[in-house]
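Heads up, the working numbering is the position in the sequence shown plus 49, with the first residue counted as 1.
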Amino acid sequence: TAPGFLPRYMRNVDPESGEANAALKPMSFPKAASEDRIIGRLLDLKGQPVVGAIVEVEGVRHGRYSYTSAQGNCDTVAATDDNGVFQLTCKSHLQAVLVTFKPRRLARSKMWLDRGKAYMVSVKSGVTVEGRLMFQNKPVSEVSVSMSTESRSLETHLAGMEAGTDEEGRFRLTQIPPGGRFFVYPMLKDTGSLGANMRPLLVETKEDGSTVALGDLKLEPGLTIKGRVVLSDGKDLPDRTRLRVSPELSFESAQVLVDDDGVFEVAGLAPGPLSLGISMEGYRMSARNPSKDWYNPGSLIGTLDRSLEDFLIHLEPGGRQDPNEIGAPDGGHPRALPLRSAKP
């Protein structure tokens, strides 16, 4: 961070790989009038300034019901200075911005900030959530455990709070926002190789500073989807085609490599609603996929309740379809139905 410049994240920095250089960009709208700025100050529960907190803009509001991306409309990120103060500059047509506060060693929070106003924000310490992962009566080490809010509303959703299990399978998630409902789950990037998983566990955090003890969380053998991606025109798949796998209850996704023959395998899945997606230029999901999601035509969606063999995903030439032009299939939205293979 630096005064007059936008802060910048550097993710996945490896201390053993040498220097990591970052160039900072000047603030987007340096000549904005005071009525086009938002000023805020973050304080902890002792009234001390919260230094170095990241303020991320998730979206902007133009009117009562008009929401868009912040890109090009407002600074998309800010950071608090030594006095806990941050500043966002917006274009004059905006009404408000939705921000996520990400302070170090304190709980995250979200709120709307009106353009042209100043705010004093109290940041809470957060709740600790702890437990232990077990599989076949043995502790599971080196697995990431994550939490995300039950609510998926733009205004309330929080995700990305993670911790790893130690040699005894224990994990300890800290600075979790109090007074909320969260799903707790092992992350798919680890459960695939483990071959085990669990349904996301819904927990409720209470007052600030409290601890939620979950005890032993028992993993079960994971479910598997084995199948093939085919193109209706008979052409070969592009190199390194990837299948996106996104469990609906846990806010995460993983990518699985599809081989040259279109064959793929996804292991370590938990039962529950699931979406599968492939982004391939010039192709789209065809109507031969009974689990095609008409709200998101590039995906399949359905409930996984058992392992699936010979699962076929059928793509056809064509551009992205307008969801409003796709009628609902017989039997309702496929989310409530078992995940089904395309017809051969």
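Every residue gets a Cβ at the ideal spot worked out from N, C-alpha and C, and that includes glycine.
Burial is judged here by how many other beta carbons sit within 10 angstroms of a residue's own beta carbon; ASN186 has fewer than 16 and is exposed. GLY241 carries a helical assignment under DSSP once its states are collapsed to helix, strand and coil. Taking 8 Å as the upper bound for CB-CB distance, LEU162 and GLY89 are in contact here, some 7 Å apart. A Cβ-Cβ separation of about 13 Å leaves TYR234 out of contact with SER295 under the 8 Å criterion.
One thing to note: PHE232 has its Cβ no nearer than 8 Å to the Cβ of GLU179. Scanning the segment 267-352 for uninterrupted beta strand (DSSP E) segments of 3 residues or longer gives 272-280, 291-296, 303-306, 312-318, 321-326 and 332-334, listed from N- to C-terminal end.
Per DSSP, PHE54 lies in no beta strand (DSSP E) and is assigned neither H nor E.
Residues ARG289 and ARG291 of the same chain have their beta carbon placed closer than 7 Å to that of LEU306, with the five preceding and five following residues left out of the count. The Cβ-Cβ distance between ALA319 and MET236 does not fall below 8 Å. Between the segment 321-337 and the segment 278-288, the count of Cβ pairs shorter than 8 Å is three or higher; the stretches touch. A straight line joining the alpha-carbon of TYR58 with that of GLY96 spans about 27 Å. In chain order, ILE274 place their CB closer than 6 Å to the CB of LEU357, counting only its own chain and leaving out the 5 sequence neighbours on each side. Beta-bridge annotation (DSSP): ASN246 is paired with GLU269. Listed in chain order, the non-local C-beta contacts of ASP354 below 7 Å within the same chain comprise PRO320 and PRO387, local neighbours out to five positions each way being set aside.
The beta carbon of GLY175 is closer than 6 Å to those of ALA156, GLN224 and ILE225 in its chain, skipping five residues each way along the sequence.
For PRO249, the number of other beta carbons within 10 angstroms of its own is at least 16, and it is reported as buried. Residue range 126-128 is occupied by the beta strand (DSSP E) that includes ALA127. Bridge pairing for GLN136: ILE88 [DSSP]. The beta-carbon separation of HIS363 and ARG337, rounded to 4 Å, stays under the 8 Å limit for a contact. Annotation: the continuous beta strand (DSSP E) that includes HIS363 extends over 357-366. Following the DSSP letters along the chain, one finds PRO235 inside the beta strand (DSSP E) bounded by residues 230-235. Counted as a single uninterrupted DSSP element, the beta strand (DSSP E) harbouring GLN224 occupies residues 219-225. Within a 10 Å sphere around the beta-carbon of VAL189 sit 16 or more other beta-carbons, which makes this residue buried.
With distances taken between CA atoms, LYS151 lies nearest to LEU92 out of SER335, SER200 and LEU92.
Beta-bridge analysis with DSSP links MET59 to no other residue.
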